[in-house]
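Take a look at the structure below.
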Amino acid sequence: MTEFTLEVPYAMQFGDYHDIDDHADTVNDHPAIVMPDKLKSYECGFHGVYFAVFYVGKRPSRTEMKKLVQRDCDCDPDNIDWRWIKS
Numbered sequence: 148m149t150e151f152t153l154e155v156p157y158a159m160q161f162g163d164y165h166d167i168d169d170h171a172d173t174v175n176d177h178p179a180i181v182m183p184d185k186l187k188s189y190e191c192g193f194h195g196v197y198f199a200v201f202y203v204g205k206r207p208s209r210t211e212m213k214k215l216v217q218r219d220c221d222c223d224p225d226n227i228d229w230r231w232i233k234s
């Protein structure tokens with residue numbers, strides 16, 4: 148089996164917030180993905196879809212989360228409801 152690594156942290160968007168934890172569980176349970184620790188998820192925003200960041204170790208800062216969502220989800224961070232992000 149070929150092993151590979153994921154570049155973390157990263158952000159994704161989901162139509163259903165339940166899929167956020169499901170994605171993290173799928174990655175953590177996949178035998179070909181090698182990481183030093185379990186992948187964690189954090190629901191960080193909403194704008195018609197749910198936005199989440201995935202990370203290992205310490206959760207990214209509020210500023211980092213916004214940059215990740217803008218980079219990985221190709222959206223304008225000014226249009227997103229960030230109420231879930233704690234300072």
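Numbering-wise, the numbering used here comes out as the position in the sequence shown, counting from 1, plus 147.
A virtual CB, placed ideally from N, CA and C, is assigned to each residue, including glycine.
query: Could you tell me how far apart the beta carbons of residue 216 and residue 158 are, in whole angstroms, since I believe they sit closer than 8 Å?; result: 5 Å
query: Please name the residue in 222, 219, 185 and 194 whose C-alpha comes closest to that of residue 204.; result: 185
query: Can the beta-carbon of residue 199 be found closer than 8 Å to that of residue 188?; result: yes
query: Short check: CB of residue 193 to CB of residue 169, under 8 Å?; result: no
query: Taking the alpha-carbon positions, what's the residue 220 to residue 149 distance?; result: 28 Å
query: May I ask you to report which of helix, strand or coil DSSP gives residue 179?; result: coil
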